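One structure is given below, encoded as structure tokens.
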Amino acid sequence: MRVSVYISALILLAFAYAGTGLLVAESGLHDQIVPLWIPTGIGLAVLLRFGRSMWPGIFAGSLLFNLWLPHSIHQIPLLSALPSALTIALGASLQALLACYLIQRYKAYPLRPHSGRGLIKFVLFSGFMSCLLSASIGTTSIHLLSDSQGSAGYLNDWFSWWMGDSFGAILVTPLLLAVFELRDKQRPKRHLRLIAQLSLVIVAVLMINQLFLSHLQQQLRRSFEQDVKVMDAQFQAVVQQNLADLTRLGKEFSGPVEADPDQFRDLVAEIQRVNPSVLAYSWDPVVSPDQLDAFEAQTRVLLQEPDYRVYGESLYPDDPLIPVQLVEPRESNRAALGFNLLSIEDRRRWVIESQQQGRPVATQILNLTQAPDEPGLLILHPVYVLADQGNPLMGNRQLTGFMVGVFTVERMFSVALAQSGIRHIEFALFEAGRDKAFFRTQAGVTERSVMDAHFQVSIAQQVWEVQAKAGPTYLAMNQVSNAQMMQALLVLVGCMGSLLVLSMHDRERLLTDLVNQQTQTLAHQARHDVLTGLPNRYMLMERVMAHLQAPDTERFSLLFIDLDRFKMINDSLGHQIGDQLLKGMANNLSRRLSDDCELFRTGGDEFILLVNGCVQRAMEEAERFLALCTIPLQIEGHKLQMTASIGISHYPDQGHDLDTLIKHADTAMYKAKAQGKNCYELYSSQLTKEAVQSFQLEQDLRIAIHARQLLLHFQPQFSLCSGELCGLEVLVRWQHPEKGMMPPGEFIALAEETNLIIPLGWQVIELACEQILIWQEQGYMVPPVAINISPKQLLEADFIEHINSILDRFGIARSQIELEITESLIMQDPDYAIEQLNLLRHAGYRLAIDDFGIGYSSLNRLKQLPLDRLKIDYSFTRDIGTNPRDEAIIITVIALGKSLNIEVLAEGVETEAQQAFLKAHGCDSVQGYLLGRPVPEQELRILKVA
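1 is the number of the first residue of the sequence shown in the UniProt record's numbering; add one for each residue after it.
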């Protein structure tokens, strides 16, 4: 490019930048911060099209705008505005260079983005990210170096700047790029359509913004008028307060009593505490010339001022003297003492006017002695006494002096403004009939006025005109103004519209790329697990179908692999650790696959291994996989070693389709878990039969709980010391409609596995309470009744509240119930279990550990439990007399109970020798077939009548 052409292009860019800036300068409330800044897009588009060497044109255009605008609005000299303008221009050019670099670096050209994410990158790089630079530099410069009006605070101004630059970059840049590329004859229609659509978006945003600003202007006008009325009323209130204070002082000195300087000082101090607009008060009595010497002598003594004298001769021979006798604050107004009001013509005129009218007169004084730099106000309040004190009805009054108040306009306006809370409005005061203001609240500040209003203030016969003016700062800071929020919404809508238009413009290529990419992604996701990357169930189905449809179908096996106790990993270490464990195991297993095997993940912690060949081959792989699963894995500082249970089904012996083979392998896997885990099991038809029976029994149990088919049997407990009945243990039975009476051993384990143990447990408690109530109503003495509680039921959050409500409903004392728990409860959640047991003990229930000795209770935990009874398991009792080890354990448990002050009961006592042994070694109580079998309530005949 030739130098002349280059310079011409820079000049053209500078004028285009500055000119469009002036066109949209009125789209906001701030003088220099424009919320819809179109020039940003012009500069960026030129750099993208013609190269980064065009940046001086952006610098010059921004400089022109920021020099011209302050000069035209505030008549600020160009040299004064130059530092701020240079800084702003530097920020604008750096922003354009940064945005151009990022767009080119990441291939985010808006008309031909490199990828489907290219437009998002364009919006981020050209607008929201790069505009941070200019907003930060420009806003800081405005606040530090410029006197621009319309500021809403630094952060709000910064946001408006950033928002305006983003608007121009995101909307105007692609529009101008499309205009520049109109010479491209390949797709002119598409470019024209793009230009029209983007232009429509920009014009719509600008028009909506103008309509909004017009509506906002009306709202702010109403707010401004209301503020002016408030200020008018507040200033009038200050004036009335000052007149009232003068009247109060005049009444205090209206009699013939001699003036009291201490009283006067205290009164003035009290007034000044609540009325800061007061500068000074003075008492000026009327003194005849022949009484002058006596008055001066009296006042010297009164004020303890040996130098006091009256100065200033009266202008006319017949005039008396009206000297200042008292003034407060005295220290700052000592020079006024003795001054004769009638020694100056205008003061004499005000005195005569006040005397003639008989009320206060206000006089404006441009230079007060007490405040020479402030316009002031002097209010003379005449003070009268009755001429004939003996006859107050005569009505004749005699002027005794004047109470004078000295005020500054600045203080009066400051007080009124402070009390009204009005800010950012300039007030000017004019004397009636004059054009030049004698007072302004913001002297020396020239602000672009947007709204103004007038009102009158009357102060003791003095009338002033008050002009109120509001500028951009008032509009921006007014609580009614929501311009920034609305304009931010417009910018956001405009950016979204631009993004939508650009997306439509490039939709053919983007859609093609997107469809191809998504097709590949979906095809892979449809056949592979997202977490581990292994083939999934859909891929397994395809592989099995390929096997089944092959002309020479080979035999194969499915190995259903389920990790043991994987739920504990998720519950204790978190799902993130669990996911990483699954990924690690999948990677470990897939790397060690044999050539004739394929591994699939079908969900959760379940995997299926497809093994070609005979059953023996499947068993070999099962053995190998069991060993592979136990390889320790290091996951985020945890060394984890897992085991697995494997079920095997074989084609064609155990099924001819995938669903059947998976179902049979799953059944075999559950059999392996029941065998103790970390093993494999071959499927057989007997497993299906057992599974069906278990499922049917579960359904019958659900019906039994709902239909109340459960019955209670009671086994007595006897004291070895007295031989008397000391308790009853509740044992549940199921009266099955087809199978007859079923003992708990045939259904309790299933209830635990299916969580039916919880509703079953509550029904047992209710049935026990019903029976206790019947016995009590029949007059029997019912000993404590022991009820077994499942750990799952006891660990429920509302267990205590629920059991309390049941006993309260039946009116059963809580000490009547003994809750039996197992050692496994303490191992599941020791801290919570101990907390629950303490609450139950505090509520009044008896507590016992059932089957003590067969678990793994910690003695440290045992001593923390609030127990009433330990129940020795029958597996120890039955070997009394034949197994010394069991006898030693029993003796130890009895000793332990006595040391902890816990009663010990032995279960399963069937012989007199067993009973004698237990009694000899201090066991407290027993139960068993020797003394009583579990029987229904109607067969229990050992209860005593109360």
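All C-beta atoms in this analysis are idealised placements derived from N, C-alpha and C, irrespective of residue type, glycine included. Please read all numbers here as calculations on a predicted model, not as lab measurements.
*Determine the closest residue to LEU315 out of TYR474, ILE58, ARG348, LEU599, with distance taken between C-alpha atoms.*
ARG348
*Of the choices GLY603, ARG543, LYS639, GLY604, whose alpha-carbon is the least far from that of CYS597?*
ARG543
*Can you tell me which of the three DSSP states LEU943 falls into?*
coil
*asked:* Could you compute how far the alpha carbon of VAL201 sits from the alpha carbon of PHE180?
replied: 19 angstroms
*Can you say whether VAL445 is buried or exposed, counting buried as having 16 or more other CB atoms within 10 angstroms of its CB?*
Note on VAL445: pLDDT 42, under 50, position unreliable in the model; the coordinate value appears next. Classification for VAL445: exposed.
*So what's SER160 in DSSP terms, helix, strand or just coil?*
helix
*Within 10 angstroms of the Cβ of TYR191, are there 16 or more other Cβ atoms? Answer buried if so, exposed if not.*
The question names Tyr, yet the displayed sequence has His at residue 191. By the neighbour-count rule (16 or more Cβ atoms within 10 Å), HIS191 is buried.
*Are the CB atoms of ARG733 and LEU711 nearer to each other than 8 angstroms?*
yes
_DSSP bridge partner residues for ASP562 (one or two, in chain order)_ = GLU606, SER645
*Fully enclosed by the segment 496-556, which alpha helix (DSSP H) runs are 4 residues long or longer?*
507-527, 537-549
*For the candidate residues PRO743, PRO276, ASN755, whose alpha-carbon lies nearest to that of SER414?*
PRO276
*Determine contact between the segment 284-295 and the segment 397-407, defined as no fewer than three beta-carbon pairs at a distance below 8 angstroms.*
yes
_Nearest-angstrom Cα separation, counted from VAL935 out to ASP886_ = 29 angstroms
*asked:* Using the three-state DSSP reduction, which class does VAL257 fall into: helix, strand or coil?
replied: Because VAL257 sits at a pLDDT of 48, beneath the cut-off of 50, its placement in the model cannot be relied upon, and the point is left open.
*Sort out for me which residues DSSP pairs ILE425 with in a bridge.*
ALA470
*Could you tell me whether the segment 139-158 touches the segment 20-34, using the rule of 3 or more Cβ pairs below 8 angstroms?*
yes
*Among GLU801, ASN901, PRO652, PRO632, which has the Cα closest to the Cα of GLY584?*
PRO632
_Cβ separation of VAL205 and LEU490, assumed to be a contact under 8 angstroms, to the nearest whole Å_ = 5 angstroms
*Residues that GLN456 bridges to, as DSSP identifies them*: GLU465
*asked:* DSSP has VAL896 in a bridge; who is on the other side?
replied: It is Leu, not Val, that sits at residue 896 in the sequence shown. Bridge partners of LEU896: none, in fact.
*Any alpha helix (DSSP H) of 4 or more consecutive residues that is wholly inside the segment 247-299*: 261-274
*By the 10 Å Cβ neighbour count, where 16 or more other Cβ atoms means buried, how is GLN580 classified, buried or exposed?*
buried
*Using the C-alpha atoms, what's the distance from GLY897 back to CYS721?*
16 angstroms
*Decide if GLU681 is buried, meaning its Cβ has at least 16 other Cβ atoms within 10 Å, or exposed.*
buried
*Within the chosen definition, does the segment 605-613 reach the segment 556-573 through at least 3 CB pairs nearer than 8 angstroms?*
yes
*Let me know if PRO884 comes out buried or exposed under the rule of 16 or more other beta-carbons within 10 Å of its beta-carbon.*
exposed
*Measure the CB-CB distance between residue 962 and VAL909 and report whether it falls below 8 angstroms.*
Residue 962 cannot be examined here, being either before or after the span of the chain that is shown, 1 to 946.
*Mind reading off the beta-carbon distance from LEU97 to ARG52? Whole number of angstroms is fine, and I expect it under 8 angstroms.*
6 angstroms
_Cα-Cα separation between MET485 and CYS100, rounded to whole angstroms_ = 29 angstroms
*What residues are listed by DSSP as bridge partners for TRP55?*
For TRP55, which the question treats as bridged, DSSP gives no partner whatsoever.
_Segment contact flag, the segment 463-475 with the segment 491-505, C-beta cutoff 8 angstroms, min 3 pairs_ = no
*Which residue or residues does DSSP assign as beta-bridge partners of VAL785?*
LEU728, ILE817
*Is PRO83 helix, strand or coil when you go by DSSP?*
helix
*Where LEU192 sits in the DSSP three-state scheme*: helix
*Is the beta carbon of ALA259 less than 8 angstroms from the beta carbon of PRO329?*
no
*So, helix, strand or coil for GLN717, using DSSP?*
strand
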